[in-house]
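Numbering (the working numbering), first residue to last: 97 to 323. Note that CB positions come from ideal geometry on N, CA and C, so glycine has one too. Working notes for the structure below.
Structural data, given as structure tokens:
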């Protein structure tokens with residue numbers, strides 16, 4: 097029988113049941129709000145957790161009451177063997193939910209393997225619906241790849257599909273209403289992320305901050321799109 101002492105509890109007495117794991121620091125995009133102009137040196141292969149170590153970490157965490165896992169990066173799918181690792185991860189007893197956050201570039205070709213592994217929830221980073229803006233923001237001409245991956249994910253039964261948009265004044269803030277409108281056409285959850293230049297992210301990008309309050313005002317002008 098599980099006891100309180102075997103569960104993770106914070107100082108306020110709340111049960112901690114969520115764990116976020118960065119599979120890799122590598123990414124196949126070069127987003128202006130994320131990557132410094134002088135690229136950071138990536139971790140050596142031997143400095144990152146092996147899949148065996150991640151499996152052990154999650155197994156121990158599950159025994160302590162963790163039942164929700166989110167896999168992020170970098171871009172998780174650029175790491176060799178990722179889809180095979182998912183199959184082993186979903187076999188761990190006690191886990192109720194495993195979700196994946198991705199930029200979507202590799203999504204279309206890997207969706208069937210991801211679904212076969214038991215993953216049903218995905219978060220996709222998409223900051224614009226404009227192909228040229230996508231190229232400017234990410235440094236990669238990959239909008240069609242991402243959108244085709246999103247469409248296929250919906251067709252084969254992933255739910256919920258969450259789309260994350262980092263809102264940048266003067267870059268894509270004019271698309272807030274259009275992005276929110278996707279939720280009227282598709283069963284997508286749209287989430288707007290407030291850009292915060294912290295740490296070693298690119299502080300020299302040519303745009304300024306836009307607050308969540310400003311985003312909310314933009315949405316209120318076009319109807320009831322906020323939950």
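Reference residue i; option with closest CA among the options
i	options	result
residue 195	258, 167 and 244	167
residue 158	290, 116, 292 and 121	116
residue 120	143, 273 and 110	143
residue 270	312, 103, 156 and 199	312
residue 199	211, 171, 190 and 193	171
Simplified DSSP assignment, three categories, for residue i
i	result
residue 166	strand
residue 326	The structure shown does not extend to residue 326, since the chain spans only 97 to 323, so no value can be given for it.
residue 147	helix
residue 141	helix
residue 115	strand
residue 220	strand
residue 171	coil
residue 286	strand
residue 105	strand
residue 237	coil
residue 121	coil
For residue j and residue i, the rounded distance between their alpha carbons
i	j	result
residue 233	residue 187	37 Å
residue 314	residue 138	38 Å
residue 251	residue 236	25 Å
residue 214	residue 126	30 Å
residue 324	residue 219	The displayed coordinates of the chain run from 97 to 323. Any statement about residue 324 would go beyond what the structure contains.
residue 231	residue 239	8 Å
residue 107	residue 245	41 Å
Residue(s) in a DSSP beta bridge with residue i
i	result
residue 194	165
Note to self: Would the stretch 255 to 264 count as touching the stretch 217 to 237 if we require 3 or more Cβ pairs under 8 Å?
What the structure shows: The count of Cβ pairs closer than 8 Å, one atom from the stretch 255 to 264 and one from the stretch 217 to 237, reaches three, so the stretches are in contact.
Check: Are three or more beta carbon pairs between the stretch 135 to 154 and the stretch 171 to 185 nearer than 8 Å?
Finding: At 8 Å Cβ cutoff, the stretches touch.
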